[in-house]
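Asks: Protein chains in written order, with the numbering used here: chain A, 31 to 460; chain B, 86 to 227.
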Amino acid sequence: MFWDKSAETIDRSALEKLQLTRLQETVGRVLKHVPFYQQQFAQAAIPSDVIRELADIRRLPFTTNADLRAQYPRGFLVGDGGGPVRLHTSSGTTGKPKAIFFSRGDIDRAANLAARCLVMSGNTDRDILQNMMTYGLFTGALMMHYGAEKVGMMVIPAGPGNSEKQLLLMQDFSSTVFHTTPSYALYFADFMEKKGVDPRRDLSLKRAFIGAEPYSEETRRKIEEAFGIEVYNSYGLSEMNGPGVAFECAAKQGMHLWEDHFLMEVLDPVTNEPVPEGCPGELVLTTLCREAMPLIRYRTRDITSVVAEPCSCGRTHRRIRRITGRTDDMLIVRGANIYPQQIERILMSVPGVGRNYLICLSGLDEMTVKVELSASEFDGRVERLVHLQTQLTERLRAEIMVKPLVELVPPGSLPPSEGKAKRVIDNRAL
Amino acid sequence: MSVIRLIAVFSENKVGQLSKLTGILAENGINIRCVTIATSEKFGVVKLLVDQPEIAWRKLQEQNLTVSWTDALAVEVEDKPGGLHRIAEALARHGINLENSSGFVACRRAILLVETSNPQEARRVLEEERFRLLTSSELMAI
C-alpha cells in the first residue's frame with residue numbers, strides 16, 4: 031500500500047538527481063534570505079555555487095541546536111513569498127526554545143509525508159486514530175493529525191494524559207490506532223490492567239505509532255504484548271517536520287527516511303566525517319523542500335545507522351535503524367560512556383521488571399537504577415526479589431561496564447510519565 | 086483445606102512503609118493474627134495472617150500496594166522442649182526445605198507457620214508423621 035507510489039519507489043539515480051536540484055535550490059534560497067547562512071558561508075569562503083554534486087554537501091557548514099536558540103525568535107525565517115502560516119517551537123528544557131516556521135506549502139508537504147507513513151503501516155480510510163500526542167506548540171500531534179485526515183481516517187484529537195478519558199474514547203469510538211510516546215503507552219497499559227480492561231477483548235486496537243522518545247526493541251515488544259497490537263516506530267523532530275521524517279513499513283526492520291525531502295548524512299560526532307554505511311553515527315539532515323525555514327546540515331544529535339540493503343516493501347528510500355541514543359543523552363559514569371537506552375534494553379528484557387525506571391546519579395559517580403517491580407510477577411518470595419536484583423545488577427554491569435546499585439521499588443511509585451519521560455536524574459557533586 | 090493463605094506485601098525498606106500498611110488494615114477493622122517481615126537491604130516483604138483476608142487483600146490493592154497470596158501450613162507444636170525439633174527433623178528426613186517460618190504461642194497453643202516451595206508434599210509428610218495441621222477457621226478461632 032502506497033500513498034505516493036511514484037515518489038516512494040523512485041529509482042535511486044532519479045532520486046539523487048532530484049536531491050541535487052533541490053539542494054541547489056535550498057542553498058540558493060538561504061544565501062539570498064538568511065543572514066546567518068550568509069555569514070557562515072562568507073566566513074568559510076564558500077562560493078554560492080558550491081554544490082556541483084551531492085557530495086559537495088560536506089563543504090557546507092553545520093547548523094546546531096545552539097544556532098537555532100541563538101537566532102531565536104526569527105533568525106532562520108525566510109521572508110519572501112511562501113512566508114510562514116505557522117509557528118511551532120521545539121521543547122527547550124532550559125533557556126529559550128527553538129522557533130520553527132512553516133509555510134502553507136510546508137504544512138501540506140509535512141501532511142503528505144505523514145500520510146505516506148500511515149498508509150505504509152497499513153492504515154486506510156476505515157481506521158480511527160486516537161492521537162494522544164500533545165497538541166499545541168509541539169509538532170507531534172498536528173502533523174500526524176493532518177496526515178491522517180489526508181488518508182481519510184477519523185481522527186480523535188485526544189491529546190496526552192487523562193487516562194480515564196482516553197479509555198472512554200477508545201471504548202466508545204472503537205479507535206483502531208493510537209499515537210503516543212513509549213512512556214505513556216507503558217503507563218496506559220498499566221492503567222488498563224488496573225481497570226481490568228483486556229484490550230484484546232474490550233478494544234478494537236490494531237496498531238500504534240510510538241515515537242518522540244527513543245526506545246528499545248524490548249519496549250516495543252512489551253507494548254505490543256500489553257495491547258495485542260503491532261507497534262510501528264516513528265522518527266521525527268520539530269526542526270524538520272515533526273513526526274513522519276522516517277517511519278517503519280510493514281516489515282518493521284528500520285524506518286524509511288523520506289530522502290526526496292531530507293538529505294541524510296550519518297557522521298562520526300567527533301571527527302564530523304561520514305561513517306561507513308551501516309555503522310552508527312550522528313544523523314545530520316538537510317531540508318530539501320522547506321520554504322519558510324530551510325536548514326542546512328542540521329545536527330540532530332540522534333545516533334543511528336543506515337540499513338544498506340533494499341527493503342522488501344519496494345520503497346527505495348533508505349532506512350535508518352532505531353535511534354540508540356542522543357549525543358547529548360550520553361552519560362559518562364566512572365569514565366564509561368553510557369546511553370540510557372542501553373539500560374532500558376536490559377531492564378525490559380528481564381521478566382519480573384515493570385514498566386518504569388529511573389537512573390539516578392549521585393555523590394561521586396554513583397549510579398542507582400530504580401526499577402519498578404511487575405505487580406503480576408510478585409509472588410511474595412524475598413528470595414526471588416533478591417535473585418532479580420542480583421540478575422539485573424550483573425546484566426547491567428556486563429552491558430555498561432559500570433556496576434550500578436539496583437533498587438526494586440513498588441509498581442507505580444516512580445514519577446508517572448504521561449508526557450516525555452524523565453529517565454535520568456543527575457545530582458552528582460562533580 | 087489445611088493450607089493457610091497469607092497476604093504478602095512488597096515494601097520499600099524505609100520509614101513509614103509499615104505504618105501505611107497497618108493503617109489501611111486498622112481503618113478497615115482487620116485484625117492481624119500473625120505478621121512476619123523479611124527484608125533485604127532496600128526492600129522487604131511483609132506477610133500477614135489476618136481474620137478477613139479477602140477484604141484485606143482488596144483494600145491493600147486499592148491503595149496501590151503490591152500484594153500477592155502465598156501459601157503456608159499451620160502446624161500445631163507441642164509446647165515443650167523438643168517440640169519444634171520433632172517437626173524440623175521430620176521435614177528434613179523427607180528432604181523438605183523451609184523457606185520462611187514463624188511461630189507463635191496463643192492461648193497455650195504453639196503454632197508454627199511453615200512456608201515451603203512445595204506445600205502439598207510438606208502437608209503429606211506432616212500428616213503422615215501425625216502432626217496436626219490447622220485449617221484457616223481453626224486458626225482464626227484460637
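Glycine included, each C-beta is placed from N, C-alpha and C at the ideal position.
Keep in mind the model is a prediction, meaning the values are calculated, not measured.
Can you look up A:VAL383 in the DSSP assignment and give me helix, strand or coil?
Replies: If you number the first sequence from 1, residue 383 of chain A lands on position 353. A:VAL383 falls in the strand class under three-state DSSP.
Asks: What residue ranges within the region 374-441 of chain A form continuous alpha helix (DSSP H) runs of no fewer than 4 residues, ordered along the chain?
Replies: With a minimum length of 4 residues, the continuous alpha helix (DSSP H) runs that stay inside the region 374-441 of chain A are 412-430.
Asks: Answer with buried or exposed for A:PHE257, where buried requires no fewer than 16 other C-beta atoms within 10 angstroms of its C-beta.
Replies: Taking the first sequence and counting its residues from 1, one reaches residue 257 of chain A at position 227. By the 10 Å Cβ count, A:PHE257 comes out buried.
Asks: Assuming contact is defined by CB atoms lying nearer than 8 Å, are B:VAL210 and B:LEU176 in contact in what I supplied?
Replies: The count along the second sequence starts at 1 and reaches residue 210 of chain B at position 125. The count along the second sequence starts at 1 and reaches residue 176 of chain B at position 91. Cβ atoms of B:VAL210 and B:LEU176: closer than 8 Å.
Asks: Of the residues A:SER151, A:THR169 and A:ALA141, which one's Cα is nearest the Cα of A:ALA178?
Replies: Numbered from its first residue, the first sequence carries residue 178 of chain A at position 148. Taking only the C-alpha atoms, the option nearest A:ALA178 is A:ALA141.
Asks: Please list, in chain order, all residues of the same chain as A:ILE186 whose beta carbon is under 8 Å from its beta carbon, the five residues on each side excluded.
Replies: Against the first sequence, residue 186 of chain A aligns to sequence position 156. Around A:ILE186: ILE158, LEU159, GLN160, ASN161, LEU199, PHE203 and SER205.
Asks: What are the residues that DSSP puts in a beta bridge with A:HIS209?
Replies: Your numbering for residue 209 of chain A matches position 179 in the first sequence. According to DSSP, A:HIS209 bridges with A:ASN161 and A:PHE239.
Asks: At a Cβ threshold of 8 Å, is A:THR123 touching chain B?
Replies: Here residue 123 of chain A corresponds to residue number 93 of the first sequence, with the count starting at 1. For A:THR123, the pLDDT reaches just 49, beneath the cut-off of 50, and the residue's location in the model is therefore unreliable, leaving the point undetermined.
Asks: Straight-line CA distance for B:ALA226 to B:ARG194?
Replies: Mapped onto the second sequence, residue 226 of chain B falls at position 141. Mapped onto the second sequence, residue 194 of chain B falls at position 109. Rounded to whole angstroms, B:ALA226 to B:ARG194 spans 12 Å at the Cα level.
Asks: According to the Cβ coordinates, are B:ILE172 and B:GLU206 closer than 8 Å?
Replies: Taking the first residue of the second sequence as 1, we reach residue 172 of chain B at position 87. Taking the first residue of the second sequence as 1, we reach residue 206 of chain B at position 121. No, they are not a contact pair.
Asks: Compare the C-beta of A:PRO273 against all C-beta atoms of chain B and say whether one is closer than 8 Å.
Replies: For the purposes of this step, residue 273 of chain A is taken as the residue at position 243 of the first sequence. Chain B contact via Cβ: absent.
Asks: Mind checking B:ARG217: buried by the 16 CB within 10 Å criterion, or exposed?
Replies: Here residue 217 of chain B is taken as the residue at index 132 of the second sequence, counted from 1. Result: exposed.
Asks: Considering only the alpha carbon of each residue, which of A:THR249, A:SER335, A:ASN302 and A:THR317 lies closest to A:VAL22?
Replies: Outside the shown range of chain A (31 to 460) lies residue 22 of chain A, about which nothing can therefore be said.
Asks: Given this structure, state the Cα-to-Cα distance separating A:MET174 from B:GLU147, to the nearest angstrom.
Replies: Taking the first sequence and counting its residues from 1, the one referred to as residue 174 of chain A is at position 144. Taking the second sequence and counting its residues from 1, the one referred to as residue 147 of chain B is at position 62. Each residue's alpha carbon lies about 37 Å from the other.
Asks: Does B:GLU97 come within less than 8 Å of chain A when only Cβ atoms are used?
Replies: In the second sequence, residue 97 of chain B corresponds to position 12, counting from 1. Yes, because at least one Cβ of chain A sits closer than 8 Å to the Cβ of B:GLU97.
Asks: Apply the 10 Å Cβ neighbour rule to A:GLN542 and answer buried if 16 or more other Cβ atoms are within range, or exposed otherwise.
Replies: This structure cannot settle anything about residue 542 of chain A, because the visible part of chain A is limited to 31 through 460.
Asks: Could you tell me how far apart the beta carbons of A:ALA219 and A:ARG385 are, in whole angstroms, since I believe they sit closer than 8 Å?
Replies: Along the first sequence, read from residue 1 onward, the residue named residue 219 of chain A stands at position 189. Along the first sequence, read from residue 1 onward, the residue named residue 385 of chain A stands at position 355. Confirmed, Cβ separation roughly 7 Å.
Asks: Could you give the DSSP three-state label for A:GLU269: helix, strand or coil?
Replies: Taking the first sequence and counting its residues from 1, the one referred to as residue 269 of chain A is at position 239. A:GLU269: coil per DSSP, three-state reduction.
Asks: Please list, in chain order, the chain B residues whose beta carbon lies closer than 8 Å to that of A:PRO127.
Replies: Numbered from its first residue, the first sequence carries residue 127 of chain A at position 97. The premise fails here: A:PRO127 is roughly 36 Å from chain B at the closest Cβ pair, so nothing lies under 8 Å.
Asks: With a CB to CB cut of under 6 Å and the five nearest residues on each side skipped, what residues in its chain are close to A:ILE368?
Replies: Counting from one through the first sequence, the residue named residue 368 of chain A turns up at place 338. These residues qualify, in order along the chain: LEU361 and ILE430.
Asks: Taking DSSP's pairing of strands, which residues face B:LEU197 in a bridge?
Replies: Numbered from its first residue, the second sequence carries residue 197 of chain B at position 112. Looking at the DSSP assignment, B:LEU197 forms a beta bridge with B:VAL160 and B:GLY188.
Asks: Compile a chain-ordered list of the residues in the region 112-128 of chain B whose CB is closer than 8 Å to at least one CB of chain A.
Replies: Here the close residues are ALA123, THR124, SER125, LYS127 and PHE128.
Asks: So which residues of chain C does B:VAL160 contact, with C-beta pairs closer than 8 Å?
Replies: Here the protein chains are A and B, and chain C is not one of them.
Asks: Which whole-angstrom value describes the C-beta separation of A:CYS390 and A:SER264, a residue pair presumed to lie in contact below a C-beta threshold of 8 Å?
Replies: Along the first sequence, one-based indexing puts residue 390 of chain A at 360. Along the first sequence, one-based indexing puts residue 264 of chain A at 234. Not confirmed; about 29 Å, so no contact.
Asks: I need the straight-line Cα distance from A:GLU402 to A:PRO445, nearest angstrom please.
Replies: Reading the first sequence from its first residue, position 372 is the one you call residue 402 of chain A. Reading the first sequence from its first residue, position 415 is the one you call residue 445 of chain A. One C-alpha to the other measures close to 11 Å.
Asks: Count the other CB atoms, across all protein chains shown, that sit within 10 Å of the CB of B:HIS179; report buried if there are 16 or more and exposed otherwise.
Replies: Residue mapping note: residue 179 of chain B aligns to position 94 of the second sequence, counting from 1. When all chains shown are included, B:HIS179 counts as exposed.
Asks: Kindly list the residues whose CB is nearer than 8 Å to the CB of B:VAL135, restricted to its own chain and excluding five residues on each side of it in sequence; keep chain order.
Replies: In the second sequence, the residue the question calls residue 135 of chain B occupies position 50. Result list for B:VAL135: ILE92, LEU110, ILE115, ASN116, ILE117, ARG118 and ALA141, in chain order.
Asks: Determine, for A:GLN218, whether the minimum Cβ-Cβ distance to residues of chain B falls below 8 Å.
Replies: Looking up residue 218 of chain A in the first sequence gives position 188. First, the amino acid is wrong: residue 218 of chain A is Phe here, not Gln. No - not a single Cβ of chain B is within 8 Å of the one on A:PHE218.
Asks: Mind listing which residues of the region 205-224 of chain B have their C-beta closer than 8 Å to chain A's C-betas, in chain order?
Replies: The residues in question: there are none.
Asks: Determine whether the beta carbon atoms of A:GLU269 and A:LEU325 lie at a separation below 8 Å.
Replies: Residue numbering aside, residue 269 of chain A sits at position 239 when the first sequence is read from its first letter. Residue numbering aside, residue 325 of chain A sits at position 295 when the first sequence is read from its first letter. Cβ distance < 8 Å, so A:GLU269 and A:LEU325 count as in contact.
Asks: Alpha carbon to alpha carbon, how far is A:THR123 from B:ALA157?
Replies: Translated into positions along the first sequence, residue 123 of chain A becomes position 93. Translated into positions along the second sequence, residue 157 of chain B becomes position 72. Its pLDDT being 49, under 50, A:THR123 is placed unreliably in this model, and the coordinates cannot settle the point.
Asks: Tell me the DSSP secondary structure of A:THR123 in three-state form.
Replies: Walking along the first sequence from the start, residue 123 of chain A turns up at place 93. Model confidence at A:THR123 stands at a pLDDT of 49, short of 50, so the residue's coordinates are unreliable and nothing is read from them.
Asks: Throw me the rounded Cβ distance for the B:GLU161 and B:ILE196 pair, which I believe falls under 8 Å.
Replies: For the purposes of this step, residue 161 of chain B is taken as residue 76 along the second sequence, with counting starting at 1. For the purposes of this step, residue 196 of chain B is taken as residue 111 along the second sequence, with counting starting at 1. Contact holds; Cβ gap of about 6 Å.
Asks: Anyone know if the C-beta pair for A:PHE277 and A:LEU235 falls short of 8 Å?
Replies: What you label residue 277 of chain A is simply residue 247 of the first sequence in a count that begins at 1. What you label residue 235 of chain A is simply residue 205 of the first sequence in a count that begins at 1. No; because the gap between Cβ atoms is not below 8 Å, this pair is not in contact.
Asks: Just to confirm the assignment: which complete beta strand (DSSP E) runs, minimum length 3, are found wholly within the region 284-345 of chain A?
Replies: For the region 284-345 of chain A, whole beta strand (DSSP E) runs of length 3 or above, ordered along the chain, are 285-287, 292-297, 311-317 and 328-334.
Asks: Do A:GLY284 and A:ARG231 have their CB atoms nearer than 8 Å?
Replies: Position 254 of the first sequence, counted from the first residue, corresponds to residue 284 of chain A. Position 201 of the first sequence, counted from the first residue, corresponds to residue 231 of chain A. No, the pair does not count as a contact, with Cβ atoms beyond the cut-off.
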